[in-house]
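Student:
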Amino acid sequence: AAPTPVARAARAAAAMAASRKRGIVVDPGVNQLLTVLFGCEVAGVLYTILVPGRLPAGCPLSPREAAVALMLACTVLVPVIFMVKLLAAAAGSAASRTLLKPLGDPLSKKKSLRKFEDQSWQLFIHVAMTVLEVYVLYYDGGGEPWLRDYPSLWTPAPWHQINGKRSIHVLYLVQMAIWIVTCASHRFVEERHKDYVMMYIHHLVTIMLIWLSYSANYVRIGTVVLFLHDSSDIVIDLLKITNYLKLEGARGCFIVEICFISNFFTWFYTRLYLYP
Numbered sequence: 029a030a031p032t033p034v035a036r037a038a039r040a041a042a043a044m045a046a047s048r049k050r051g052i053v054v055d056p057g058v059n060q061l062l063t064v065l066f067g068c069e070v071a072g073v074l075y076t077i078l079v080p081g082r083l084p085a086g087c088p089l090s091p092r093e094a095a096v097a098l099m100l101a102c103t104v105l106v107p108v109i110f111m112v113k114l115l116a117a118a119a120g121s122a123a124s125r126t127l128l129k130p131l132g133d134p135l136s137k138k139k140s141l142r143k144f145e146d147q148s149w150q151l152f153i154h155v156a157m158t159v160l161e162v163y164v165l166y167y168d169g170g171g172e173p174w175l176r177d178y179p180s181l182w183t184p185a186p187w188h189q190i191n192g193k194r195s196i197h198v199l200y201l202v203q204m205a206i207w208i209v210t211c212a213s214h215r216f217v218e219e220r221h222k223d224y225v226m227m228y229i230h231h232l233v234t235i236m237l238i239w240l241s242y243s244a245n246y247v248r249i250g251t252v253v254l255f256l257h258d259s260s261d262i263v264i265d266l267l268k269i270t271n272y273l274k275l276e277g278a279r280g281c282f283i284v285e286i287c288f289i290s291n292f293f294t295w296f297y298t299r300l301y302l303y304p
């Protein structure tokens, strides 16, 4: 027999109570609004890339080539995310059960292993993007003076700058692809957590900043900002990963403490000294 309205209401109430207990209740209106904003941002990115004359001045890519590069990056990222998380889970679990068993098998819980997987993916992305940014800033075409000659970031004015290096535009397209895929996965694939809305907003703001800086031709300062953030985030990733592995104190060779102190200095140097 079909459940009565009272039974359906009771089940719905029980499900809502369980969700509240897990701390993952999301207001449908807020979720829908954020999803609409996400769609608008993706549409804006496509508009900048596909409409003739909207790409930054000097871009060596045609609208078609830029669109193909963005779509290819998005397509490649999906299996890469899966493989990195899969390998991280396998390696982390093996190390936890063997080498780190004296520390209490730190990744034995599903929640701890999931956090380890997610942070390993973040570490992979931050390292990969830092390598690409170092190539753009220091090697491609002899490098750029932007980090040692601050006036070159703003002279001439951004809307008059000509940035013809292909690597700069590839960097921006890959960055946009990373955050579009990350945001889509956050919304439609991943398990929701207490910080779901906060992280959703974070992803949306990041996409907006990268998209607007690209469409307005602020690519010089944008490339520098991306480098400073990605490079300093590597130490944060290592700090979180070593913390999940419980590598603190004498038993853990003080690795967590070393990462914490390193993070303090790298954050100060990149975010508070170089960035301003």
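Numbering (our numbering), first residue to last: 29 to 304.
Virtual Cβ for every residue (Gly too), placed ideally from N, Cα, C.
On a predicted model such as this, the values are computed, not experimentally measured, just so you know.
1. Check whether the Cβ atoms of V225 and V54 lie closer than 8 Å to each other.
2. By alpha-carbon positions, which one of R176, A117, L160, P130 ends up nearest to Q147?
3. Nearest-angstrom Cα distance between I249 and R220?
4. In three-state terms, what does DSSP make of V24?
5. What is the DSSP secondary structure of K222, reduced to helix, strand or coil?
6. Using the Cα positions of K49 and G132, report the straight-line distance between them to the nearest angstrom.
7. Less than 8 Å between the CB atoms is what I'm expecting for L100 and V209, so what's the real figure, rounded?
8. Am I right that A244 and W187 are in contact with their C-beta atoms under 8 Å? What's the rounded C-beta distance?
9. Work out the CA separation of V162 and G305 for me, nearest whole Å.
10. Rounded to a whole number of angstroms, what is the C-alpha to C-alpha distance between T168 and S213?
11. Among residues of its own chain, excluding the 5 on either side of Y75, which ones have a beta-carbon nearer than 8 Å to its beta-carbon?
12. From Y246, V108, V253, pick the residue whose C-alpha is nearest to that of P184; which is it?
13. Helix or strand or just coil, what does DSSP make of C281?
14. Counting only the same chain and skipping the five closest in sequence on each side, list residues whose C-beta sits under 7 Å from that of P179.
15. Check this for me: beta carbons of D258 and H154, under 8 Å apart or not?
16. Give me the Cα-Cα distance between R279 and R125, rounded to the nearest whole angstrom.
17. Taking DSSP as the reference, what is the three-state secondary structure of K49?
18. Taking contact to mean at least 3 C-beta pairs separated by less than 8 Å, is the segment 264-280 in contact with the segment 108-115?
19. By Cβ distance below 6 Å, which residues in the same chain neighbour E172 in space, the five residues on each side in sequence not counted?
20. Where in the segment 167-217 do unbroken runs of the alpha helix (DSSP H), each at least 4 residues long, occur, reported from the N-terminal end onward?
21. So, under 8 Å CB-CB, P134 and L273 are touching, yes? Tell me the CB distance rounded to an integer number of Å.
22. Ends of the alpha helix (DSSP H) at E69?
23. Would you tell me roughly how many angstroms separate the C-alpha atoms of I262 and L128, rounded to the nearest one?
Tutor: This is what the structure holds:
1. yes
2. A117
3. 34 Å
4. Because the chain in this structure spans residues 29 to 304, residue 24 falls outside the shown range and cannot be described.
5. coil
6. At K49, the pLDDT of 43 sits below 50, so the modelled position is not reliable and the matter cannot be decided from this model.
7. Their Cβ separation, rounded to whole angstroms, is 12 Å, which puts L100 and V209 out of contact at 8 Å.
8. 7 Å
9. Absent from the model: residue 305. The displayed extent of the chain is 29 to 304, so no value can be given.
10. The sequence shown places Asp at residue 168, not Thr. For D168 and S213, the distance between alpha carbons rounds to 33 Å.
11. R82
12. Y246
13. coil
14. none
15. yes
16. 16 Å
17. The predicted position of K49 is uncertain, since its pLDDT is 43 and thus under 50; a value taken from the coordinates is nonetheless stated next. Three-state DSSP puts K49 in a helix.
18. no
19. L165
20. 179-182, 194-216
21. 5 Å
22. 56-78
23. 23 Å
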